[in-house]
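Mind the numbering: the sequence shown is residues 11 to 133 in the numbering used here, read in order.
Read the structure below first, then the notes.
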Amino acid sequence: MEFTIVTNNSEVSKKYGDTYNVHYEQCSYEGILTVARDYVHKGYGLLTHPLSGSVKPNETPFKTIIVVKNNVDHSMDSLKIIESSIETASKFKYSKKTTDEEILDDFRCIDLSLVENVINRLA
Numbered sequence: 011m012e013f014t015i016v017t018n019n020s021e022v023s024k025k026y027g028d029t030y031n032v033h034y035e036q037c038s039y040e041g042i043l044t045v046a047r048d049y050v051h052k053g054y055g056l057l058t059h060p061l062s063g064s065v066k067p068n069e070t071p072f073k074t075i076i077v078v079k080n081n082v083d084h085s086m087d088s089l090k091i092i093e094s095s096i097e098t099a100s101k102f103k104y105s106k107k108t109t110d111e112e113i114l115d116d117f118r119c120i121d122l123s124l125v126e127n128v129i130n131r132l133a
């Protein structure tokens, strides 16, 4: 199965960039949802839910989404899910702007651990 990891988390990019196709974008949570939506418009399907995990969009600046190439059968479902996720995220704007690198590292670690579980099952 050919998949792409779409992320704004530099730790995910560092860990998987040499092994898998990683699209790293330095952008906001909503920005990475928009990048994932662009993949869906190109015929990719969502392999992970854009709002997965127990961390709300307003609690973390980082998100990683895995999309699958040529998943046309599920592209309409994926489009509905990603559009709904963008709408939901816009209601929960990330408001806790922090420059504390330790806190940002914690957020990166949480996002990385969520995606590690999925990638371990795919490998």
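Cβ coordinates follow ideal geometry from the N, Cα and C atoms, glycine included.
Source: prediction; values computed, not measured.
Self-check item: Cβ-based neighbour list, residue 117, same chain, cut-off 7 Å, excluding 5 preceding and 5 following
Solution: A distance below 7 Å between beta-carbons, with the five flanking residues on each side excluded, links residue 117 to the following residues of its chain, in chain order: 70, 71, 72.
Self-check item: Cβ-based neighbour list, residue 96, same chain, cut-off 6 Å, excluding 5 preceding and 5 following
Solution: Apart from the 5 residues on each side of it in sequence, residue 96 sits with its Cβ closer than 6 Å to the Cβ of 43 in its chain, given in chain order.
Quiz item: For residue 51, which three-state DSSP category applies?
Solution: Of the three classes helix, strand and coil, the one that applies to residue 51 here is helix, per DSSP.
Practice problem: Give me the Cβ distance between residue 30 and residue 17, rounded to the nearest whole Å; I'm assuming they're in contact under 8 Å. | Solution: Actually they do not touch by this definition, with Cβ atoms about 11 Å apart.
Self-check item: residue 56, DSSP secondary structure in three states
Solution: Residue 56: strand per DSSP, three-state reduction.
Quiz item: Would you call residue 132 buried or exposed, if buried means 16 or more other Cβ atoms sit within 10 Å of its Cβ?
Solution: Of the residues assessed, residue 132 falls on the exposed side of the cut-off, its CB having fewer than 16 other CB atoms within 10 angstroms.
Quiz item: How is the beta strand (DSSP E) around residue 34 delimited, first residue to last?
Solution: Unbroken beta strand (DSSP E) run through residue 34: 31 to 34.
Quiz item: Is it true that the CB of residue 49 sits closer than 8 Å to the CB of residue 67?
Solution: No.
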